[in-house]
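A.B. asks: Below are the structure tokens for one structure; questions will follow.
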Amino acid sequence: MRSILLLNLNHIGDVLFTTPAISALRERHPSARIVCVAHAGVADALKENPDIDEIILRHNRSLLENARIGLGLRSWKFDISYCFTFSSYKLAAIGVLAGAKERVGFSYRQLKPFLTVSVPNDNSKHQAESYLDLVRATGPVDSTYPMRMCVSEKDQQVADKFLAGAGYNGSGPLVGINPGGTVRINQWFPDRFAALADRLQKDGATVVIFGGKSETYLAEVITKSMKTKPIIAAGKTTIWQLAGLISRCGVMITGDTGPMHMAVSLDVPTVAIFGPANPSRTGPYTDNCVVLWQKLPCSPCRRKPTCSFRECIDATSVDMVYDATRQLLSNPTAASGSANTEQSAIS
Numbered sequence: 001m002r003s004i005l006l007l008n009l010n011h012i013g014d015v016l017f018t019t020p021a022i023s024a025l026r027e028r029h030p031s032a033r034i035v036c037v038a039h040a041g042v043a044d045a046l047k048e049n050p051d052i053d054e055i056i057l058r059h060n061r062s063l064l065e066n067a068r069i070g071l072g073l074r075s076w077k078f079d080i081s082y083c084f085t086f087s088s089y090k091l092a093a094i095g096v097l098a099g100a101k102e103r104v105g106f107s108y109r110q111l112k113p114f115l116t117v118s119v120p121n122d123n124s125k126h127q128a129e130s131y132l133d134l135v136r137a138t139g140p141v142d143s144t145y146p147m148r149m150c151v152s153e154k155d156q157q158v159a160d161k162f163l164a165g166a167g168y169n170g171s172g173p174l175v176g177i178n179p180g181g182t183v184r185i186n187q188w189f190p191d192r193f194a195a196l197a198d199r200l201q202k203d204g205a206t207v208v209i210f211g212g213k214s215e216t217y218l219a220e221v222i223t224k225s226m227k228t229k230p231i232i233a234a235g236k237t238t239i240w241q242l243a244g245l246i247s248r249c250g251v252m253i254t255g256d257t258g259p260m261h262m263a264v265s266l267d268v269p270t271v272a273i274f275g276p277a278n279p280s281r282t283g284p285y286t287d288n289c290v291v292l293w294q295k296l297p298c299s300p301c302r303r304k305p306t307c308s309f310r311e312c313i314d315a316t317s318v319d320m321v322y323d324a325t326r327q328l329l330s331n332p333t334a335a336s337g338s339a340n341t342e343q344s345a346i347s
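Counted from 1, the sequence shown has number 27 at position 27 by my numbering; the numbering is strictly sequential.
Encoded structure:
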């Protein structure tokens with residue numbers, strides 16, 4: 001292979017799920033030119049990845065935008081394309097328009113007309129493993145590959161400067177809290193985050209509250225409920241500055257959202273709180289974590305809960321999250337990804 005085209009997705013977690021597959025391709029084809037098409041809003045997650053030679057920005061999902069990109073890449077003469085989507089025929093069409101000789105993707109009805117190699121998707125696997133299956137369809141994959149996100153030295157310095165300006169002097173562990181998320185029903189409760197943060201800070205940790213600009217209100221609600229004072233980073237960082245800050249944390253506490261996968265990709269021990277979603281499919285792709293999922297008879301319901309109060313999320317107590325955090329802080333490499341997975345909320 002001389003030239004490989006990767007067609008990536010629109011959410012940061014989905015993008016990071018593809019990094020093991022990208023690492024496998026780089027190991028198999030060390031001298032190939034690997035080009036990745038990625039949405040402009042999340043492309044920074046791949047910016048420092050040494051396995052990728054070039055990133056082409058996709059600014060929207062329109063047919064016109066995808067046609068522009070595909071035709072613009074036609075002269076690059078790709079040997080093969082890998083399409084990391086389960087549904088977007090527009091994304092799959094880029095491989096055809098770019099003239100890739102071989103086109104690999106999942107065997108869904110809307111995608112098959114654009115592919116030369118169709119791969120069944122096993123929903124019982126983690127999503128990162130599904131993407132690796134695309135690579136396995138064209139050759140052996142002999143090693144295991146972690147999710148990967150690389151932070152430049154400059155962004156690490158920016159993170160250190162931010163923390164110093166907020167009063168953190170390096171004394172005691174830094175614990176990140178990410179209370180928000182794209183899907184609200186996946187979010188744990190602000191009052192519990194506040195109680196948890198107080199307990200951790202009384203133990204000598206320093207808590208940093210993360211979030212996007214639309215989640216600054218959530219950070220404010222938590223802070224107002226606290227008796228101690230955390231560092232507020234919500235709404236103040238780019239993706240790369242957020243990555244730099246997460247990389248400095250001893251533990252990251254988060255729900256099912258993009259920053260959870262950023263922490264995993266940065267090899268930061270992670271406490272993941274799950275509710276309606278299934279962590280075996282989209283949970284932390286690592287053993288360096290504790291997953292708290294109070295599996296009920298109705299779980300998982302994803303975005304269609306049958307209850308009125310999200311009993312699965314409600315069943316995860318402050319004590320559970322505190323104990324998991326202390327476990328990772330005391331021995332960050334001893335955690336097992338299944339240690340607290342699928343805990344029953346009914347004794």
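Each residue gets a CB set at the ideal place from its N, CA and C atoms; glycine is no exception.
Note that the structure is a prediction, hence the values are computed from the model and not measured.
Determine the direct distance from the alpha carbon of residue 246 to that of residue 259, and round the result to whole angstroms.
C.D. replies: Between residue 259 and residue 246, the C-alpha separation is close to 8 Å.
A.B. asks: Under a Cβ-count criterion, where at least 16 other Cβ atoms within 10 Å of its own Cβ denotes burial, should residue 77 be classed as buried or exposed?
C.D. replies: Result: exposed.
A.B. asks: In whole angstroms, give me the CA-to-CA distance for residue 25 and residue 136.
C.D. replies: So the two alpha carbons sit approximately 10 Å from each other.
A.B. asks: Would you call the segment 127-146 and the segment 160-175 touching, i.e. three or more CB-CB distances under 8 Å?
C.D. replies: They do not touch, by the three-pair rule.
A.B. asks: Can at least three beta-carbon pairs, one atom from the segment 108-120 and one from the segment 248-259, be found at a separation below 8 Å?
C.D. replies: Verdict: no, contact absent.
A.B. asks: What's the gap between the Cα of residue 133 and the Cα of residue 12?
C.D. replies: Using only the alpha carbons, I get a separation of about 20 Å.
A.B. asks: State yes or no: is the C-beta of residue 129 nearer than 8 Å to some heavy atom of the ligand PLP?
C.D. replies: This structure lacks the ligand PLP; in fact it carries no ligand of any kind.
A.B. asks: Throw me the rounded Cβ distance for the residue 190 and residue 211 pair, which I believe falls under 8 Å.
C.D. replies: Contact flag wrong, Cβ pair sits at about 11 Å.
A.B. asks: Below 8 Å on the Cβ atoms is my guess for residue 79 versus residue 2; work out the distance and round it to an integer in Å.
C.D. replies: With 8 Å as the limit, residue 79 and residue 2 qualify as a contact, their Cβ atoms being about 6 Å apart.
A.B. asks: Between 151, 222 and 330, which lies nearest to residue 348 when the distance is taken from Cα to Cα?
C.D. replies: Here the chain has residues from 1 to 347 only, and residue 348 is not among them.
A.B. asks: What residues are listed by DSSP as bridge partners for residue 293?
C.D. replies: 274, per the DSSP bridge assignment.
A.B. asks: Output the distance between the C-alpha atoms of residue 292 and residue 241, rounded to the nearest integer angstrom.
C.D. replies: Using only the alpha carbons, I get a separation of about 27 Å.
A.B. asks: Tell me the residue span of the beta strand (DSSP E) that contains residue 57.
C.D. replies: First-last of the beta strand (DSSP E) with residue 57: 54-58.
A.B. asks: Which same chain residues, not among the five before or five after residue 277, have their C-beta less than 7 Å away from its C-beta?
C.D. replies: Around residue 277: 186, 256, 300 and 302.
A.B. asks: For residue 347, is the classification buried or exposed, using 16 other Cβ atoms within 10 angstroms of its Cβ as the cut-off for buried?
C.D. replies: Confidence at residue 347 is low in this model, with a pLDDT of 22, below 50, so the placement of that residue should be treated as unreliable; the coordinate-derived value is given next. Flag for residue 347 reads exposed.
A.B. asks: Specify the secondary structure class of residue 261 as computed by DSSP and reduced to three states.
C.D. replies: DSSP places residue 261 in helix when its eight states are reduced to three.
A.B. asks: When the distance is taken between beta carbons, is residue 6 closer than 9 Å to residue 81?
C.D. replies: Result yes, Cβ atoms of residue 81 and residue 6 sit closer than 9 Å.
A.B. asks: Would you call the segment 275-289 and the segment 202-218 in contact, with 3 or more CB pairs under 8 Å?
C.D. replies: The segment 275-289, when compared against the segment 202-218, does not touch it at the 8 Å Cβ threshold.
A.B. asks: Can you tell me where the alpha helix (DSSP H) holding residue 320 begins and where it ends?
C.D. replies: Run containing residue 320: 318-330, per the alpha helix (DSSP H) assignment.
A.B. asks: Residue 320: which of 286, 188, 287 and 297 sits nearest, CA to CA?
C.D. replies: With distances taken between Cα atoms, residue 320 lies closest to 188.
A.B. asks: With burial defined as no fewer than 16 other Cβ atoms inside 10 Å of the residue's Cβ, what is the status of residue 272: buried or exposed?
C.D. replies: So residue 272 ends up on the buried side.
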